[in-house]
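Q: Residue numbers (the working numbering), protein chains in the order written: chain G, 84 to 309; chain L, 1141 to 1266.
(1) According to DSSP, is residue 1199(L) part of a helix, a strand, or is it coil?
(2) Since residue 1166(L) contacts residue 1202(L) with CB under 8 Å, what's their CB separation in whole angstroms?
(3) How about the segment 288-296 of chain G and the segment 256-276 of chain G: do they share at least three Cβ pairs that are nearer than 8 Å?
(4) Checking contacts by CB at 8 Å: is residue 230(G) closer than that to chain A?
(5) Since residue 170(G) contacts residue 177(G) with CB under 8 Å, what's their CB separation in whole angstroms?
(6) For residue 146(G) versus residue 167(G), is the C-beta spacing smaller than 8 Å?
(7) Using three-state DSSP, classify residue 88(G) as helix, strand or coil.
(8) To which residues of the same chain is residue 1236(L) closer than 6 Å at the C-beta, ignoring the five residues directly before and after it?
(9) Just verifying my parser: in three-state terms, what is the DSSP assignment at residue 211(G)?
(10) Taking residue 302(G) as the query, report the chain L residues whose CB atoms sit under 8 Å from its CB, ordered along the chain.
(11) Taking 8 Å as the CB-CB cut-off, is residue 1264(L) touching chain G?
(12) Identify each residue in the segment 86-107 of chain G for which the Cβ-Cβ distance to at least one residue of chain L is less than 9 Å, and report them in chain order.
(13) Can you tell which of 214(G), 218(G), 127(G) has the C-alpha that lies nearest to the C-alpha of residue 154(G)?
(14) Please classify residue 1145(L): is it buried, with 16 or more other beta-carbons within 10 angstroms of its beta-carbon, or exposed?
(15) Taking Cβ to Cβ, would you say residue 1187(L) is nearer than 8 Å to residue 1147(L)?
(16) How about residue 1238(L) and residue 1212(L): are their beta carbons less than 8 Å apart?
(17) Along the beta strand (DSSP E) that carries residue 133(G), what are the first and last residues, could you check?
(18) Can you list the alpha helix (DSSP H) stretches of 4 or more residues lying completely in the segment 1157-1197 of chain L, in chain order?
(19) If you run the structure through DSSP and keep just helix, strand and coil, what is residue 283(G)?
(20) Relative to the alpha-carbon of residue 1180(L), which residue among 234(G), 300(G), 303(G) has its alpha-carbon at the smallest distance?
Below you can see the structure in the form of C-alpha cells.
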C-alpha cells in the first residue's frame, strides 16, 4: 500500500474559475456581491428597492439564480438595468461556471457593480466561491434568531448581515438583539443593517453600506492600476 | 444538499490522480473538512457510496478528518480551538482573533495498492 499526498481543494475547478472571475472584476473595477439567504427572506425585494434607488445611468447589473422560473428576473427587469436569470434546473446553489457563462455577453468594462442573487439556501452556496468581493447574508425576522448558530458557515463567511422584514417585528416573537448577538458570536464584528423593504426603514443604511463598499473598491482598483 | 457535487469532485480527483499510478488501484481517499465548511459528513458518505456502487471504484473507502475552527489571538498570538462560538483567547482574554482554519474542504491523500501480478488483468477490466 502506498499513500499519495493530494493536498488540493475538493472544489479546485470551481475555485480556479472563481479566481479568474475575481481577477476580471478587479481589472475592470467591478464590485461583485453575492447575496445569500433562505428562500423567501427577501433577497429579490432588497434588490428591487436597491435598483429603484440607484440612478438610472448607474453601471449596475444583476444575475439572479433560482432552480426554476424567470420570475425574479422579470421582477427586476422593470428597473431598466441589465438583469439575467440563471435557472439551475435543480442545483441548490450557483457555481462559478454558471456566473462565467451568464456574463459572457456583458462587457465588464460597462459595469461598476454586479449583484448576484444566489439560490435560496443557507447551506450550499457558502461552499461555492463566485469570485465575489463579499458575501451578504439576508435573514428575515420570520425566521429564528438562532439561524446564525444553526447555519454558522454562511454567517461566518459573509461581510454583512441584512436583517429583513423588520416591519413584522411587532407580530413575531423574534428578538432582533439576540439575532445580532448570535451573528456576532459566529462572526465577531460582523456588520449588520436592519431593513424593511416594504416600509423603507433601514434602506438608507443598506445603500450607504453599498456606496462605501463601492468607493473602497474603486480606491483599491485605482491603487492596483497605478 | 450539495454533497453529491462534492462527492463527484472527490471521485474526479481520484480518477485524475490514478492516471499517474499505472498498475495500482485506489483503496482509500482522505478528505479534510472544516467544521465551518457546511458539509454534512453523513450526506457526503451517502452520496459517495451511491456514486461508486457497481463501478470500478466500488471498494474505495472514504476517510474524513474533521478540522475544528482554530483562531490566532491578535494580541498574544496564542492559537486555540474555538468551541461553541466562543472566540475569546483562553490565554489573555482578548476578543480580537483571526480565524486560521476550520473552513477546509480539501483532498488530503489517496492510498493505492499494486495489483497482484496474477490478478492484474481481471481487476482492470472490472
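Just so it is clear, CB atoms sit at the ideal spot from N, CA and C, and this is done for glycine as well. Model, not experiment: these values are computed from the prediction.
A: Taking the geometry as given:
(1) Note: residue 1199(L) maps to coil in three-state DSSP.
(2) Not quite, the Cβ-Cβ distance comes to about 11 Å (not below 8 Å), so this is no contact.
(3) Put simply, the segment 288-296 of chain G touches the segment 256-276 of chain G. At least three CB pairs are less than 8 Å apart.
(4) The chain labelled as chain A is not found among the protein chains of the depicted structure, namely G and L.
(5) That pair is no contact at about 11 Å.
(6) Cβ atoms of residue 146(G) and residue 167(G): closer than 8 Å.
(7) Collapsing the DSSP output to three states places residue 88(G) in a strand.
(8) In its chain, beyond the 5 residues on either side, 1214 have a beta carbon closer than 6 Å to the beta carbon of residue 1236(L).
(9) It is coil, neither helix nor strand.
(10) Contact annotation for residue 302(G) against chain L: no contact, minimum CB-CB distance about 23 Å [criterion: below 8 Å].
(11) Since pLDDT at residue 1264(L) reaches only 49, below the 50 mark, its modelled position is unreliable, and no value is offered.
(12) So the list reads 86, 87, 88, 89, 90, 91, 92, 93, 94, 95, 96, 97, given in the order they occur along the chain.
(13) Looking at 214(G), 218(G), 127(G), the one whose alpha-carbon comes closest to that of residue 154(G) is 127(G).
(14) Residue 1145(L) should be labelled buried.
(15) Yes.
(16) For residue 1238(L) and residue 1212(L), yes; Cβs fall inside 8 Å.
(17) Boundaries around residue 133(G) are those of the alpha helix (DSSP H), 126-136, since no beta strand (DSSP E) includes it.
(18) With a minimum length of 4 residues, the continuous alpha helix (DSSP H) runs that stay inside the segment 1157-1197 of chain L are 1181-1192.
(19) Residue 283(G): coil per DSSP, three-state reduction.
(20) If we check each option's Cα against that of residue 1180(L), 234(G) comes out closest.
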